[in-house]
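To start, the structure under review is shown below, and the notes come after it.
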Amino acid sequence: MNQRLQAPLSQWDTHTDFAARHIGPAAADEAHMLQVIGQSSRHALMQAVVPASIALQHPMDLPPAATEAEALQELKSIACRNRILKSFIGQGYYGTHTPGVIQRNILENPAWYTAYTPYQAEISQGRLEALLNFQTMVCDLTAMPIANASMLDEATAAAEAMALAQRSARSQSTVFVVHPDVHPQTLEVLRTRAAPMGWQICVPDTHEAFFTALQTPHFGALVQYPSSTGAIHDWQEAASLCHAQQALLVVAADLLALTLLTPPGEWGADIVVGSSQRFGMPMGAGGPHAAFMACQDTYKRSLPGRLVGVSLDAEGAPALRLALQTREQHIRREKATSNICTAQVLPAVVASMYAVYHGPDGLRAMAQRIASLTAALALGLEALGHRLVHDTAFDTITISVPGHALNIATRAVLTGVNLRKVSESELGISLDETSTAADVALLLRLFGSPSAPAVDTHTAARIPASLQRSSTYLNHPVFHRYRSETAMLRYIRSLADKDLALDRCMIPLGSCTMKLNATSEMLPITWPEFAHIHPFAPADQQQGYALLDQQLRQWLCSITGYADVSLQPNAGSQGEYAGLLAIRAWHAARGDSQRTVCLIPASAHGTNPASAQMCGMRVVVVACDAHGNIDMADLQAKCEAHSHELACIMVTYPSTHGVFEDSIRALCEVVHQHGGRVYVDGANMNALVGLAAPGAFGGDVSHLNLHKTFCIPHGGGGPGVGPVCVVQDLAPFLPGHATAGRPAAVGAVSAAPYGNASVLPISWMYIRMMGAAGLRHATEAAILNANYISTRLKAHYPTLYTGPDGLVAHECILDLRPLKDSSGVTAEDVAKRLIDYGFHAPTLSFPVPGTLMVEPTESEPLQELDRFIDAMIAIREEIRRIESGAWPREDNPLKNAPHTAAQLLREHWLHPYSRAEAAAQSQLAHKYWPPVARIDNVHGDRNLLCTCPMPDAYLS
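By the count of the UniProt record's numbering, the sequence shown reaches residue 956 at its end, each step adding exactly one.
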């Protein structure tokens, strides 16, 4: 009988003990695993692995663990502190109806939200197709030739576009001109991003002054289309003026408006950015929402973020994958121009499916309805004697009401609606998909209509004739085929079935921490009290979010040992960036602006040097020794050589090599002695929670990945949350948000004050249900699982780096490099062969080429660990058959993996191994059939195609 089934029932009282549901191995399983490793207890294992010098001496100060029901009830009471008013604020955030078939089958479906970034393309064809649809949607609506597969938010997309313009324009100027009528949160993030790079943000006072500024040297300019206050301007002259100065024009555009407006690609835009929020993703106090970036073909090789491309598989069939040259800018390390590592994949999938659901006709009808209601509202206000600031509009109007703005806005709140307070004398109103004729009538009464006015829903839109769109869009069949819900449901299901996600198998990715995303943690994200809040609604309407923010920050401080935390960064990369900005600002405040050197170990994740470069820092690499540890002698030498210039060191702990380095306290002391600060990358925090705290052993700053350690799901590569944690003297330099009335020394790093606010309840639920003891147990179980895998596989694949006792932290690096000489088999071959065995591969060739980095997490049960180990051993036996000559080096199951069902069903089988061997017959109970064979990346890079090909293109 299975050992787990023999465990006493009291150990599995899962009704009250959430930790027992979250942590995979039972007590009997742990005893067996400890025996294999050679340790007497979990406590003994932790003493052997974690250096005594950093071990916590007291438990974390967290509330006692709650049951799932208790935690949900408590969180509901917090959510109810938010007040849901009808929002007419606009400013880039709008009410939207998420189609039920999309909400239930994508947003709330673990087949979609537990998937990882599609690095292993053969097992990611479903989400890659959805992302290709997203790129196609953006390209069509903007009339640009190429678009990426989403950015973090509109403001950071604009900042990335500014950086793209700076490195791509021929102009030598350092000036970036911004039209005064862009969204204020976008301008705020632009200022934050420009300052450390030495770029000057020029914001002319008026529309006319903007055109004057374009006639002076600059490297780029940004305009909003339609403008933030609602005007629809013709920007063709702006494009010409930019180009005359050898500069690039960036346009922040509204995708829904582009169904009616002449798209930027038709009048000279170089880069187009924006948000797809209103395509089915609730406002959620600011996120997560998929932003986009599209550009002219000239700049495609410099486009930041991820780009899905069409290639061919080994059978010559079309297959999708991430285009390697644009997949991640941070692989260029200190030469990188962007540190974007994740995207907003799940929201991008929702947006693309929203376009598939409505099709071009549905989107256009929706836009026309909104434009007509807006025009009717404008007409009614003018009839009441009010002056509108602009005579053109799509969905937004701004009303001049000198002396009355505050009174009207206050009265509006009392009637259940929020207006935008543009200035002391102006109010803004934005309509959206959810707006009705009754809403327009209510608004007119607020502005003085004596009775319930009749609203003509067919009022002519206030879009200039010269800017009305004539070109077609969304012509690909995917945007026309799925009109019935039956067809739509089956399409969504067909894509999900092509993928491997955490709901089907273990995803043993090192450094990525693919753990359980419990259903009880996920339920609150679609609660109306969290979903339907505008990020710039009055503070007294966001008391629930304020309390959630306060409690989560307090708990994270207790866990990390830091004094303060900001939850604003909406990705780990943004958390890194915010942390380095804090260090930079602290030095500057002390008169040490010359401190710009950032020490980074050679083994560091590529986002570290990329983030440092974006903060205007100079990267100096610190060597690692033969055991993968930081070379302390080289560190000492580098600190002495750059003592006067030293800003900080960035170090991942446990190390990127999966080891607790004993020298971490000494490292911190050396850097501090030379006036630098210590940035501890929180990517591996899952090995520290409850055992050690960076803020207690010498760290000054850390970012955390809530989408790793604290259970927010990866969603196919996003959303993420990357809180930045600091010691007390750095707290004044955490990011703020002037647009929300909370300015700070370093400005804003994300568009919304709380970042990706609507997914924060997931981490709140996780911590609340686990409690201090449960969180520590989870960390210990993660370390136990990793050491169990390392021990059982060491006779087949040695672990490259270990601690003094041959033990590892929460992950282990399996060394496959000798296999290439003995058999011709590479680590990539093993990764592809694992697909035949029903597994997502471990992290491939990082941080050491030719290796696999395995992180099992605490959530995987012993049965799944053993299944993975058995698969790896079976693959090693296959390699031995190649080494012995039984199978040729170029024609064997590993070189031809993965194998599709179509290949195995062919009448003629010409390989020296059997069909049963190809299918990994021992794993048929867990069989996953890949939809494509091994993909040819080189073909895709040489023939870059990043939008949906029309059907006849598949035949060529």
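A virtual CB, placed ideally from N, CA and C, is assigned to each residue, including glycine.
The criterion of a C-beta distance shorter than 9 Å is not satisfied by Gly850 and Lys895.
A distance below 6 Å between beta-carbons, with the five flanking residues on each side excluded, links Phe710 to the following residues of its chain, in chain order: Ser763 and Tyr766.
In terms of CA proximity to Thr117, Ile507 leads the group Glu669, Ile507, Leu775 and Asn418. At least 9 Å separates the beta-carbon of Gln120 from that of Ala902. Our two residues, Leu363 and Thr259, have alpha carbons roughly 7 Å apart in a direct line. Across the structure, Ile533 and Arg906 are spaced so that their CA atoms are roughly 55 Å apart. Annotation: Asn82 to Ala740 spans about 16 Å, alpha carbon to alpha carbon. Residue state for Pro694 is assigned as coil, using DSSP reduced to three classes.
Straight-line spacing of the CA atoms in Gly380 and Thr526 works out to 36 Å. Under the three-state reduction of DSSP output, Ser275 falls in the strand class. DSSP places Arg742 in the strand class (E or B) of the three-state scheme. The beta carbons of Leu945 and Gly305 sit no closer together than 9 Å. The C-alpha of His233 is placed about 12 Å away from the C-alpha of Ala239.
Val250: not part of any alpha helix (DSSP H); member of the beta strand (DSSP E) spanning Leu248 to Ala253, first to last residue. Each residue's CA atom was taken as its position, placing Trp586 and Leu844 some 38 Å apart.
Arg618 is bridged by DSSP to Val597. Excluding residues up to 5 positions away in sequence, Leu599, Val620 and Val622 lie with their Cβ nearer than 8 Å to the Cβ of Lys638 in the same chain.
Taking all protein chains in view, the Cβ of Gln125 is crowded by 16 or more other Cβ atoms within 10 Å, so the residue is classified as buried.
Taking every protein chain shown into account, the CB of Cys948 has 16 or more other CB atoms within 10 angstroms, so this residue is buried.
Per DSSP, Gly265 is not a residue of any alpha helix (DSSP H), being assigned neither H nor E. With three or more CB-CB distances shorter than 8 Å, the segment 574-594 counts as touching the segment 739-754. Taking a contact to require three or more Cβ pairs closer than 8 Å, the segment 49-56 and the segment 387-403 do not qualify as touching. DSSP, reduced to helix, strand and coil, places Asn937 within a helical segment of the structure shown.
When only Cα atoms are considered, Ile869 and His796 end up about 10 Å apart.
When DSSP states are grouped into helix, strand and coil, His657 belongs to the coil group. Bridge pairing for Asn82: Gln542 [DSSP]. Contact check for Val273 and Ala252: beta-carbon distance about 5 Å, within the 8 Å limit, so the pair qualifies.
In chain order, Ala111, Thr114 and Ala115 place their CB closer than 6 Å to the CB of Ala501, counting only its own chain and leaving out the 5 sequence neighbours on each side. In the three-state reduction of the DSSP assignment, Asn105 falls in the helix class, which pools H, G and I.
Taken in chain order, the whole alpha helix (DSSP H) runs of length 4 or more contained in the segment 836-913 are 862-883 and 901-904.
In this structure, the straight-line span from the alpha carbon of Asp456 to that of Ile399 is close to 20 Å.
Selection Asp17, Ile23, Thr98 and Ser87 evaluated against Ala71 yields Asp17 as nearest (Cα-Cα).
The C-beta distance from Ser859 to Gly24 rounds to 5 Å, short enough to fall under 8 Å. With respect to the 9 Å criterion, Thr560 and Cys341 are not classified as neighbours on the basis of their beta carbons. Judged by DSSP in its simplified three-state form, Gly771 adopts helix.
Annotated three-state conformation of Phe447 is coil, per DSSP.
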